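These notes are about the structure you will find just below.
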Amino acid sequence: MERRPQELLDELHRAIAQTPDSAEQKALFEKLGVLERQLDALSRKQRELAAAEAQLAQAKSTVLVWRVVIGILLVALLGAVGGLIASLVELS
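Read left to right, the sequence shown gives residues 7 to 98 (this note's numbering).
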């Protein structure tokens, strides 16, 4: 079973608190603090990435809609040009 990062940090806090050497304990807590800050930064980056992916999905959806609209307009334009050519041929 995979544990969450916060569970691992809590476990490390408890283990470090049981370390008998206070100098070693202080050094370990400092390293743990660095890990916590890095984990927080990683979490922020993951949230930013999720937001960016949502924006990208929305943009792709918008592009698809515009492609369909442009396709419909091109078909209508070709139909109008075809009708114009047909009427010019009839007049000739």
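Ideal Cβ positions, reconstructed from N, Cα and C, are used throughout, including at glycine.
No experiment lies behind these values; they were computed from the predicted model shown.
First through last residue of the alpha helix (DSSP H) which encompasses S67: 28-97
Cβ pair L18, T25 closer than 8 Å: no
Distance, R50 Cα to A57 Cα: 11 Å
Between the CA atoms of L84 and L70 - distance to the nearest angstrom: 21 Å
Contact set for L38: own chain, Cβ-Cβ below 6 Å, skip 5 residues either direction: L18
Distance CB(P11)-CB(L55) smaller than 8 Å: no
Cα-Cα separation between V87 and L80, rounded to whole angstroms: 10 Å
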